[in-house]
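Asks:
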Amino acid sequence: MTEKILFRNVHLFEKTGTFDVMLDNGFIDSVRPYLMDLVLAPDPEVRVIDGKAGFLSPGFIDLHLHLEKSQTIGEQECPGLMDAILSFKDYIRNHLSPEDIERRVEKTMRDLICHGTTSIRTHVSVDEIVGTMAVKTLLGMKEKYKDRLDMQIIAMVSSLTLSDDTYAHLDALGDTDILGYGAAPALCDDPKMMIDRLFELAKKHGKIMDLHIDEHDDPNVDVIDYFADSIVQNDMIGQCTGGHLCALSAVNQEKANETISKILVSGMHVVTLPSCNLYLMGRKDKGIVRRGTTRIRELVEAGVNISLASDNIRDPFRPFGNGDMLEEMLLTAQVAQMGTYTDLRQIFRMGTYNPARAMGYASYGVEVGAPADLVLLEAASAEEAILSRATRRYVLKRGKIVCENTTSTHWML
Ligand SMILES: [Zn+2]
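Okay, so the sequence shown: first residue is 0 according to numbering that gives the first Met the number 0, each after it adds one.
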C-alpha cells in the first residue's frame with residue numbers, strides 16, 4: 000500500500016500563498032491553503048513533511064533524450080554532427096551488447112531521477128549495426144524502472160538511408176510498446192521518401208512520429224515544412240513532435256513566419272535542444288559563431304507548444320550534461336534571452352506543462368486527481384528555482400519518494 004504523504008507549507012506554480020498538499024494512493028488527494036496555527040491530530044498512516052515554504056513542482060519532463068548513447072564520451076574530438084554520428088557508430092560496433100547499454104543507461108537514469116525528472120522520451124537507434132537490440136534493451140529498462148520513471152521510446156533510424164533491413168526492423172517493432180518512429184531526414188539522401196515511408200509504418204501500427212528536423216545551419220527548412228504538411232495529410236494533427244528546427248533561425252523573417260504558420264496548423268509539438276546544439280552547430284564558424292538554436296521566443300509567442308530537453312548526455316554529440324532540467328532551463332533562458340520573471344515561468348513550462356501535453360498526459364500538475372509526480376525544491380518559486388538551480392529535497396513518482404536529498408544550506412550569519 001502506498002503511504003499517505005502530507006506536504007505542509009509549500010508554494011505552488013503561479014499561486015499566491017502557501018498550501019498543504021495531501022497525497023494518497025499515488026495521486027493528489029487535496030490541495031488546501033496552509034494555516035500556520037492549524038494543529039493536526041497525529042495520524043500513523045500519514046507521513047507529514049514540512050515543506051518549509053519551498054516550491055512543490057510537478058515532476059520535470061525531459062522530452063528528447065538519447066539514453067543508449069549516453070556516457071560514451073572519450074578523447075575523440077567531434078567537430079560537428081556528422082563526426083559525432085560516426086564516432087558513436089564506432090563505439091557501438093565495439094560494444095555491441097545489452098549489458099553495456101544497461102550499465103550506461105542506469106547511470107543516466109539515476110541522474111535524471113535524482114534531479115527531479117519523472118518522465119522522459121528517448122530516441123533509440125535502429126540500423127544495420129544494432130538492429131532492434133538497443134530498442135529491446137530499452138523496452139526492458141522501461142519495465143524495470145516503471146515505478147520510478149515513465150519512459151516513451153521512439154525507434155529512430157540512425158543511418159543516412161532507410162535500407163530494406165532497417166525498414167523491416169522498424170516494422171517488426173510495431174508490435175512492441177514503442178511510442179513511435181523517428182529519424183533525422185535532413186541528413187539523408189532522400190528526406191521526403193524517408194518521411195513518407197515512416198508515416199506508412201506509423202499509420203500501420205498506430206504509432207506517432209517524432210523527427211529530428213533541419214538540425215543544421217543552412218537557410219533551408221524544407222524538412223520542417225514537409226513534415227508539417229505530412230502530419231496534416233496523414234490526419235495526425237496534434238500527435239507528432241519535431242526536434243531541433245535549428246535552420247528556422249537561418250531563414251529570413253518572411254519564410255520563418257510561413258513555416259511557423261505551418262507548424263501551428265499541424266499541431267506539431269516542438270522541442271528545442273539548446274545545450275546540445277550550442278556545442279554541435281556552427282563548429283566551422285570563425286569570429287561570430289552561430290548559436291544553432293531555433294527561434295525560441297517567436298515560437299512561444301506564436302502559441303506553438305514548445306519544450307526544452309537535454310538531447311545528449313556525455314557522449315560524442317555533447318560531452319556535458321547531468322540530466323538536470325533546471326540546468327537546461329537556465330541555459331535556455333540565457334540563450335533565448337528570456338530573463339524576466341514572466342519569461343522564466345515560460346521557460347519553466349517548457350520543461351513541465353508543455354512536454355506533458357506532447358507526451359499526451361490527460362492529467363498533470365499539482366491538482367486534485369493528478370498523479371503525484373512531484374519534486375520539492377528549496378526555492379519559493381519556479382523562477383527562483385531556475386536561477387539558483389535549487390536543491391531537490393524530495394522527488395516522488397506516483398506518490399512514492401524515489402529520491403531524498405538530505406543536504407541543506409545553513410547560513411551562519
Ligand atoms: Zn536528438
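In this text, a Cβ means the ideal position worked out from N, Cα and C, and glycines have one as well. Treat the numbers as computed from the prediction; the structure is a model and nothing was measured.
1) Name the two residues that bound the continuous alpha helix (DSSP H) containing R356.
2) So what's Y166 in DSSP terms, helix, strand or just coil?
3) Output the distance between the C-alpha atoms of K285 and G291, rounded to the nearest integer angstrom.
4) For ligand 1, is there any heavy atom lying closer than 7 Å to the beta carbon of L244?
5) Using a Cβ-Cβ cut-off of 6 Å (strictly less than) and excluding sequence neighbours within five positions of L111, which residues of its own chain qualify?
6) With which residues is T331 paired in a DSSP beta bridge?
7) Give the C-beta separation of I230 and M267 to the nearest angstrom, bearing in mind that I take them to be a contact with Cβ-Cβ under 8 Å.
8) Does at least one heavy atom of ligand 1 sit under 7 Å from the Cβ of L272?
9) Just checking H211 against ligand 1 - is the residue's beta carbon closer than 7 Å to any of the ligand's heavy atoms?
10) Report buried or exposed for M192, applying the criterion of at least 16 other Cβ atoms within 10 angstroms of its Cβ.
11) Measuring straight from C-alpha to C-alpha, what distance separates Y90 and I128?
12) Closer than 7 Å by C-beta to D342: which residues in its own chain qualify, once you throw out the five before and the five after it? Chain order, please.
13) Put F54 into one of helix, strand or coil per three-state DSSP.
14) Tell me the DSSP secondary structure of K143 in three-state form.
15) Please state whether the Cβ-Cβ distance between A255 and L247 is less than 8 Å.
16) For R103, count neighbouring C-beta atoms within 10 Å of its own C-beta (all shown protein chains included) and say buried if the count is 16 or more, exposed if not.
17) Are T15 and V9 close, meaning C-beta to C-beta below 8 Å?
18) Measuring only the C-alpha atoms, how far is V250 from T258?
19) Given this structure, state the Cα-to-Cα distance separating S387 from V123, to the nearest angstrom.
20) What does Y33 pair with, by DSSP beta-bridge criteria?
21) Since S309 and D61 should fall inside the 8 Å C-beta cutoff, what is the C-beta to C-beta distance between them, to a whole number of angstroms?
22) Per DSSP, what kind of secondary structure is E403 in: helix, strand or coil?
23) For a test of your reading of the model: does the CB of H168 fall under 7 Å from any non-hydrogen atom of ligand 1? Yes or no.
24) Answer yes if the region 70-82 comes into contact with the region 134-149, meaning at least three C-beta pairs across the two stretches below 8 Å, and no otherwise.
25) Quick check: the region 36-44 against the region 370-381, are there 3 or more CB pairs under 8 Å?
26) Output the distance between the C-alpha atoms of M108 and I4, rounded to the nearest integer angstrom.
27) Can we say the region 300-317 touches the region 350-361, given the rule of at least three CB pairs closer than 8 Å?
28) Give the single residue among M337, R317, D224 whose Cα lies nearest to the Cα of V299.
29) Assuming the contact rule is C-beta atoms closer than 8 Å, G320 and S274 should be a hit. Round their C-beta distance to whole Å, please.
30) At which residue ranges does the region 362-394 contain complete beta strand (DSSP E) runs of 3 or more residues, listed in the order of the chain?
31) Verify whether the separation of the beta carbon atoms of P370 and F26 is less than 8 Å.
32) Using C-beta distances below 6 Å, list every residue in its chain close to A301, excluding the 5 sequence neighbours before and after it, in chain order.
Replies: To lay it out plainly:
1) Indexing the sequence shown from 1 puts residue 356 at position 357. Here the alpha helix (DSSP H) through R356 covers 352-358.
2) On the sequence shown, residue 166 is found 167 positions in, with the first residue counted as 1. Residue state, collapsed to three classes: helix.
3) In the sequence shown, counting from the first residue as 1, residue 285 sits at position 286. In the sequence shown, counting from the first residue as 1, residue 291 sits at position 292. Each residue's Cα considered, the two are about 14 Å apart.
4) Within the sequence shown, numbered from 1, the residue matching residue 244 stands at position 245. No, since every heavy atom of ligand 1 falls outside the 7 Å radius drawn around the Cβ of L244.
5) Reading the sequence shown from its first residue, position 112 is the one you call residue 111. The residues are G322.
6) What you label residue 331 is simply residue 332 of the sequence shown in a count that begins at 1. None; T331 has no bridge partner.
7) The sequence position of residue 230 within the sequence shown is 231, counting from 1. The sequence position of residue 267 within the sequence shown is 268, counting from 1. That pair is a contact at about 6 Å.
8) Locating residue 272 in the sequence shown gives position 273, where the first residue counts as 1. True, at least one ligand heavy atom lies under 7 Å from that Cβ.
9) One-based indexing of the sequence shown puts residue 211 at position 212. Yes - ligand 1 has a heavy atom lying nearer than 7 Å to the Cβ of H211.
10) For this step, residue 192 is matched to residue 193 along the sequence shown. Counting Cβ neighbours within 10 Å, M192 comes out exposed, since fewer than 16 surround it.
11) On the sequence shown, residue 90 is found 91 positions in, with the first residue counted as 1. On the sequence shown, residue 128 is found 129 positions in, with the first residue counted as 1. Distance between the alpha carbons of Y90 and I128: 11 Å.
12) Looking up residue 342 in the sequence shown gives position 343. Taken in chain order, the residues that qualify are A332.
13) Taking the first residue of the sequence shown as position 1, residue 54 is located at position 55. F54: strand per DSSP, three-state reduction.
14) As a first step, residue 143 is located in the sequence shown; it is residue number 144 there, counting from the start. It is helical.
15) Indexing the sequence shown from 1 puts residue 255 at position 256. Indexing the sequence shown from 1 puts residue 247 at position 248. Yes, these two residues count as a Cβ contact at 8 Å.
16) As a working mapping, residue 103 is identified with position 104 in the sequence shown. So R103 ends up on the buried side.
17) As a working mapping, residue 15 is identified with position 16 in the sequence shown. As a working mapping, residue 9 is identified with position 10 in the sequence shown. Not in contact: T15 and V9 (Cβ atoms no closer than 8 Å).
18) Taking the first residue of the sequence shown as 1, we reach residue 250 at position 251. Taking the first residue of the sequence shown as 1, we reach residue 258 at position 259. Distance between the alpha carbons of V250 and T258 is about 10 Å.
19) Position 388 of the sequence shown, counting from 1, holds the residue named residue 387. Position 124 of the sequence shown, counting from 1, holds the residue named residue 123. Looking at the two C-alpha atoms, the distance is approximately 33 Å.
20) Indexing the sequence shown from 1 puts residue 33 at position 34. In DSSP, Y33 forms no bridge with anything.
21) The sequence position of residue 309 within the sequence shown is 310, counting from 1. The sequence position of residue 61 within the sequence shown is 62, counting from 1. Correct: roughly 5 Å between the Cβ atoms.
22) Taking the first residue of the sequence shown as 1, we reach residue 403 at position 404. Three-state DSSP puts E403 in a strand.
23) In the sequence shown, counting from the first residue as 1, residue 168 sits at position 169. Every heavy atom of ligand 1 is 7 Å or more from the Cβ of H168, so no.
24) no
25) no
26) Stepping through the sequence shown from its first residue, residue 108 is reached at position 109. Stepping through the sequence shown from its first residue, residue 4 is reached at position 5. Rounded to whole angstroms, M108 to I4 spans 25 Å at the Cα level.
27) yes
28) One-based indexing of the sequence shown puts residue 299 at position 300. Per the Cα distances, M337.
29) Locating residue 320 in the sequence shown gives position 321, counting from the first residue. Locating residue 274 in the sequence shown gives position 275, counting from the first residue. Yes, they are in contact, since the Cβ atoms of G320 and S274 sit about 7 Å apart, within 8 Å.
30) 373-376
31) Within the sequence shown, the letter at position 371 stands for residue 370. Within the sequence shown, the letter at position 27 stands for residue 26. Yes. Within cutoff.
32) Here residue 301 corresponds to residue number 302 of the sequence shown, with the count starting at 1. So the qualifying residues of the chain are I259.
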